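>
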Amino acid sequence: MTLKFLTDESTGIKLTHALTSSNFDCFSVIDIKPGMKDIDVLNTAVREKRILITNDKDFGELIHRQKLSHHGVILLRLEEDTPSKRIKIVKNVIDRFGESLKGKFFVASEKGFRIR
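First residue of the sequence shown? That's 1157 in our numbering, and the numbers climb one at a time after it.
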């Protein structure tokens, strides 16, 4: 089974391009509907069985407080939030955890990872 991703607008288009050039099935909210509401982004990811990649903490609120379902989330909490850093961290998470990303809420930073 292959991993599929949806990148939020907050992560920028360079991450999406890096993942697609590494042969991952990935597209961005920017490609679908810029300005899409967070709830619609989350619903799109669930409907299409995609792991959401974002640096928007509001998704934690939707998932943990409001108990909304998800197919998996990688929340980036970077001190140095640059496209190259995002790409490096996300590829590291994918390489390290692979299929176990499904259904999990990962918080990723330069210092490491937390799984919720």
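Glycine included, every Cβ here is placed at the ideal spot set by N, Cα and C. Remember, it's a predicted structure, so these values are computed and weren't measured experimentally.
One question on the structure: do H1227 and R1206 come within less than 9 Å of each other, judged by their Cβ atoms?
Against a cut-off of 9 Å, the Cβ pair of R1206 and H1227 comes out as a contact.
> Within 10 Å of its beta-carbon, does R1242 have 16 or more other beta-carbons around it, so buried, or fewer, so exposed?
Label assigned to R1242: buried.
> On the DSSP bridge assignment, give the partners of F1122 in chain order.
For the chain, the structure presents residues 1157 to 1272; residue 1122 sits outside this window and is missing.
> Short check: CB of A1174 to CB of V1246, under 9 Å?
Their beta carbons are under 9 Å apart, which means A1174 touches V1246 by this criterion.
> Relative to the alpha-carbon of L1171, which residue among K1244, D1214, F1215, E1204 has its alpha-carbon at the smallest distance?
When only C-alpha atoms are compared, the closest one is K1244.
> Measuring alpha carbon to alpha carbon, tell me which of F1180, A1264, N1179, I1169 ends up nearest I1186.
The shortest Cα separation from I1186 among F1180, A1264, N1179, I1169 belongs to I1169.
> Considering only the alpha carbon of each residue, which of R1203, A1264, L1159, N1179 lies closest to D1212?
Of the candidates R1203, A1264, L1159, N1179, the one whose C-alpha sits nearest the C-alpha of D1212 is A1264.
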